[in-house]
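Chemist: Dropping the structure in here first, questions after.
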Amino acid sequence: SGDDVLTLSGANSYSGGTTISGGTLVASNVEALGSGNIDNYASLQLNASGQFVTANLTTHDNAITAIGAGSALRANTLTQEANSTLAVHLTDSNSGAIVTADRANLGGTLDITGIGNVAKSWTRDAYAYTLIDSDSAIDSDFAQFTVAGMDAKQVDFLTVDG
């Protein structure tokens, strides 16, 4: 808790739950969070190349979970509450689903950054990303969707499928 930043950079075998009640928790190792449930009431940043694995991840109202470039998440259940944000930074080298969950309960805002820039804006090749892959169900939708800071309604040539 508090307003500061705590960075976990080593592997962790902790299997209990983690509650983020204030400040920012940065995981810079895919094994840094252990294997228990995560209740995020503040800010969680996943910033390591590879897949983070957790039991269940809940991002509560007014909290943000950020998945950095090259990072992915595997959870039994992903829950994004009504006023939460899931921020995903994509690159053209992303492969596979960014989030894989047995069940995904969506709400709040999906904020996508990292794709497209002036230097690459004229490429003929489209990028295809799987953001969330659920083994059983994706319940509800995000209330808001932004791409590179723009409301999704302002983005040209965007196809949302599924």
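For reference, each letter of the sequence shown is one residue, going 150 to 311 in my numbering. Glycine residues also receive a C-beta, built at the ideal position from the N, C-alpha and C atoms.
(1) If we call anything under 8 Å between Cβ atoms a contact, is Q194 one with A181?
(2) According to DSSP, is G199 helix, strand or coil?
(3) So, with DSSP's three-state summary, where would you put L235?
(4) Mapping DSSP to helix, strand and coil, what is L307?
(5) I'd like to check one pair, A253 with S233: are the Cβ atoms closer than 8 Å?
(6) Just grab the DSSP bridge partners of V175 for me.
(7) For my contact list, E230 and D251 are in at a C-beta cut-off of 8 Å; report their separation, rounded to the angstrom.
(8) At what residues does the beta strand (DSSP E) containing L227 begin and finish?
(9) Judging by CA-CA distance, which residue of T207, T295, G245 and G219 is the nearest neighbour of S170?
(10) What is the residue span of the beta strand (DSSP E) that N186 lies within?
Modeler: Result, derived from the coordinates:
(1) No, they are not a contact pair.
(2) Strand.
(3) Strand.
(4) The predicted position of L307 is uncertain, since its pLDDT is 49 and thus under 50; a value taken from the coordinates is nonetheless stated next. Assigned with DSSP and collapsed to three states, L307 falls in coil, not helix or strand.
(5) No.
(6) When DSSP reads this structure, V175 sits in a beta bridge with T156 and Q194.
(7) The C-beta separation of E230 from D251 comes to about 18 Å, leaving the pair out of contact by the 8 Å criterion.
(8) From DSSP, the beta strand (DSSP E) with L227 extends over S220 to Q229.
(9) The residue with the shortest Cα to Cα distance from S170 is T207.
(10) Boundaries for N186: no beta strand (DSSP E) harbours it, and the DSSP string shows neither H nor E there.
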